[in-house]
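A.B. asks: Below is one structure. I have some questions about it.
2 protein chains.
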Amino acid sequence: MTPLREKILITASHLFQTQGINSTGVDTIVAVAGTTKMTLYKYFTSKEKLILEVLDKGHQDFQTWLSNKLNSNTKKPSEKLQKLFEFIEEWVTSPDFHGMGFIKASAEFPSEESPVHQLSSEQSRQFRQYINSLALEANIQDAEGLALQLSLLFEGAAQAEQMKRGSGAMKYAKKAAKILIDGALAQG
Amino acid sequence: MTPLREKILITASHLFQTQGINSTGVDTIVAVAGTTKMTLYKYFTSKEKLILEVLDKGHQDFQTWLSNKLNSNTKKPSEKLQKLFEFIEEWVTSPDFHGMGFIKASAEFPSEESPVHQLSSEQSRQFRQYINSLALEANIQDAEGLALQLSLLFEGAAQAEQMKRGSGAMKYAKKAAKILIDGALAQG
DNA sequence: AGCAGGGTATACAGATTAGTATAATAAGGG
DNA sequence: CCCTTATTATACTAATCTGTATACCCTGCT
Numbered sequence: 153m154t155p156l157r158e159k160i161l162i163t164a165s166h167l168f169q170t171q172g173i174n175s176t177g178v179d180t181i182v183a184v185a186g187t188t189k190m191t192l193y194k195y196f197t198s199k200e201k202l203i204l205e206v207l208d209k210g211h212q213d214f215q216t217w218l219s220n221k222l223n224s225n226t227k228k229p230s231e232k233l234q235k236l237f238e239f240i241e242e243w244v245t246s247p248d249f250h251g252m253g254f255i256k257a258s259a260e261f262p263s264e265e266s267p268v269h270q271l272s273s274e275q276s277r278q279f280r281q282y283i284n285s286l287a288l289e290a291n292i293q294d295a296e297g298l299a300l301q302l303s304l305l306f307e308g309a310a311q312a313e314q315m316k317r318g319s320g321a322m323k324y325a326k327k328a329a330k331i332l333i334d335g336a337l338a339q340g
Numbered sequence: 153m154t155p156l157r158e159k160i161l162i163t164a165s166h167l168f169q170t171q172g173i174n175s176t177g178v179d180t181i182v183a184v185a186g187t188t189k190m191t192l193y194k195y196f197t198s199k200e201k202l203i204l205e206v207l208d209k210g211h212q213d214f215q216t217w218l219s220n221k222l223n224s225n226t227k228k229p230s231e232k233l234q235k236l237f238e239f240i241e242e243w244v245t246s247p248d249f250h251g252m253g254f255i256k257a258s259a260e261f262p263s264e265e266s267p268v269h270q271l272s273s274e275q276s277r278q279f280r281q282y283i284n285s286l287a288l289e290a291n292i293q294d295a296e297g298l299a300l301q302l303s304l305l306f307e308g309a310a311q312a313e314q315m316k317r318g319s320g321a322m323k324y325a326k327k328a329a330k331i332l333i334d335g336a337l338a339q340g
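Protein chains in written order, with this note's numbering: chain A, 153 to 340; chain B, 153 to 340.
See below:
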């Protein structure tokens, strides 16, 4: 894609994460990105469209990064589950992490009719679905239940880490995940 | 307190939860509460002060409700821990639950310098501290670690329940909590 | 040389925001 | 009946927001 479009996306993403979505005006975005409103509205027909695309890109980046990490570092399905939180920790504690996009977006757009809220909800569901597929491959009985539990831990830890950096939340989330996964594996 | 002040607080709380804090204007609050801006600014010197008080009241209501429930239904410390998520589920799945205030507030006010963010962070810490005290009474070795894990589960589940009502997240959070608590109790 | 397209600069409209100033109204107590 | 206090009604300021309109500039292509 055109570099200017990309730059707007990246800038908006960064500002949304650090200042909040509703608190970030279009003027701020273009000023930081070093362009003008005209070009922004040429590539994105509205601020809402921009928000949706930022969310989409953020989620895709995370998902592909995570599955690449898992696929290139592990082979056994059960191993993937166990390494999952290892890599999630790596992602979440990286210095430029400022919260999972879909968690914050759903908080800023609580109305269920809002397209932003709907996308956030869908992304949360997709992530849970991904863990579910890992659990299924590992022959876990209640795969859906474990996937839900692990996603709760993840969302809680991401939330905590965003609320207070360096809280060490992920370290304990990892331990909790290990206990839950080992239990589910033992149970068949 | 004066009934009008109370009504403004309750109305604001409800609107903040359902529409979001930044998306709720002062005019909307007074219109729904059936009063005028003049009286609102008589009782609350600014919108930020109102937000802080809404957050404070919400957290206090939750904390006192929870500890009352625990103290009147259980006696043994270990029992309190085990019943904890039972009552939390009751709170979170109640029909007028729309998310934990401090979680959403910290998402809408991500900047750490924001007083709203600071209060949210403090409330999250207080809640974790409360679980910590329960764990300590139950003679759990790594009380702090368990408290953190349980609070992660709770925040994740509250988040999930707010994102999609009736998701059943709390049911599985409860199961996960039981596993973690039993493990920690067995370990001494 | 000259044209076209992508980008800039800037000003603007229209709506909405937080917060204030002023005057009118209602009610209760001496 | 009058004084006080609380509340309302309404208009306003000043800032900010999204989105648009207009004119200009620059660069590459032919």
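Cβ atoms here follow ideal geometry from the backbone N, Cα and C, with glycine treated the same way.
#1: Quick one: is residue 277(A) near chain B, going by C-beta distance under 9 Å?
#2: In chain order, what residues of the same chain have a beta carbon less than 6 Å from the beta carbon of residue 235(B), not counting five sequence neighbours either side?
#3: Cα-Cα, which of 317(B), 283(B), 302(B), 261(B) is closest to residue 167(A)?
#4: Between which two residues does the alpha helix (DSSP H) carrying residue 208(B) extend?
#5: Which class does residue 247(B) belong to by DSSP, given the choice of helix, strand or coil?
#6: Against chain A, with Cβ distances strictly below 9 Å, would residue 331(B) count as a contact?
#7: Excluding the 5 residues preceding and the 5 following residue 275(B) in the sequence, name in chain order all residues of the same chain whose CB lies nearer than 6 Å to its CB.
#8: Which residue comes first and which comes last in the alpha helix (DSSP H) that contains residue 326(B)?
#9: Does any heavy atom of the ligand MN sit closer than 8 Å to the C-beta of residue 260(B)?
#10: Okay, do the region 309-322 of chain B and the region 302-311 of chain A touch, 3+ Cβ pairs below 8 Å being the bar?
#11: Less than 7 Å between C-beta atoms, sequence neighbours within five positions excluded: which residues of the same chain meet that for residue 299(A)?
#12: Alpha carbon to alpha carbon, how far is residue 271(A) from residue 171(B)? Give it in angstroms, no decimals.
#13: Give a yes or no on whether the minimum CB-CB distance between residue 210(B) and chain A is below 9 Å.
#14: For residue 338(B), which residues in chain A fall below 9 Å Cβ to Cβ?
#15: So residue 206(B) and residue 189(B) are in contact, right, with Cβ under 8 Å, and what is the actual spacing, rounded?
#16: From the DSSP output, in three-state form, read off residue 164(A) for me.
#17: What's the gap between the Cα of residue 240(A) and the Cα of residue 214(A)?
#18: List the residues of chain B whose Cβ lies closer than 9 Å to the Cβ of residue 281(A), in chain order.
#19: What span of residues does the alpha helix (DSSP H) with residue 285(A) cover, start to end?
#20: Assuming the contact rule is C-beta atoms closer than 8 Å, residue 174(A) and residue 175(B) should be a hit. Round their C-beta distance to whole Å, please.
#21: Within 10 angstroms of the Cβ of residue 318(B), are there 16 or more other Cβ atoms? Answer buried if so, exposed if not.
#22: Measuring straight from C-alpha to C-alpha, what distance separates residue 202(A) and residue 169(A)?
#23: Would you identify the three-state DSSP class for residue 262(A), choosing helix, strand or coil?
#24: Beta carbon of residue 331(B), beta carbon of residue 335(A): below 9 Å?
#25: What does a CB cutoff of less than 6 Å around residue 233(B) pick up in its chain, not counting 5 residues either side in sequence?
#26: 9 Å is my cut-off, CB to CB: does residue 229(A) come that close to chain B?
#27: Taking DSSP as the reference, what is the three-state secondary structure of residue 315(A)?
#28: Does the beta carbon of residue 233(B) come closer than 9 Å to any beta carbon on chain A?
#29: Which chain B residues sit within Cβ distance under 7 Å of residue 335(A)?
#30: With a threshold of 9 Å between beta-carbons, can residue 169(A) be considered close to chain B, or not?
#31: Which same chain residues, not among the five before or five after residue 157(A), have their C-beta less than 6 Å away from its C-beta?
#32: If I measure Cβ to Cβ from residue 243(A) and keep anything under 8 Å in the same chain, skipping five residues before and after, which residues do I get?
#33: Quick one: residues in its chain with C-beta nearer than 6 Å to the C-beta of residue 222(B), no 5 flanking neighbours on either side, listed in chain order?
#34: Quick one: measure Cβ to Cβ for residue 293(A) and residue 339(A), integer angstroms, because I've assumed they're closer than 8 Å.
#35: Let's test the definition: count the other Cβ atoms within 10 Å of the Cβ of residue 162(A) and tell me whether it reaches 16, buried, or not, exposed.
C.D. replies: Considering the structure as presented:
#1: yes
#2: 226
#3: 261(B)
#4: 199-225
#5: coil
#6: yes
#7: 211, 254
#8: 321-338
#9: What this structure holds is no ligand at all, so the ligand MN is not there to describe.
#10: yes
#11: 280, 283, 284, 287
#12: 17 Å
#13: no
#14: Going along chain A, no residue has its Cβ under 9 Å from residue 338(B), so there is no contact; the nearest lies around 11 Å.
#15: With 8 Å as the limit, residue 206(B) and residue 189(B) do not qualify as a contact, their Cβ atoms being about 17 Å apart.
#16: helix
#17: 9 Å
#18: What residue 281(A) touches in chain B: nothing, since even the nearest Cβ is about 13 Å away.
#19: 267-289
#20: 7 Å
#21: exposed
#22: 14 Å
#23: coil
#24: yes
#25: 286, 290, 333
#26: no
#27: helix
#28: no
#29: 331
#30: yes
#31: 195
#32: 214, 217, 218, 249
#33: 232
#34: 6 Å
#35: exposed
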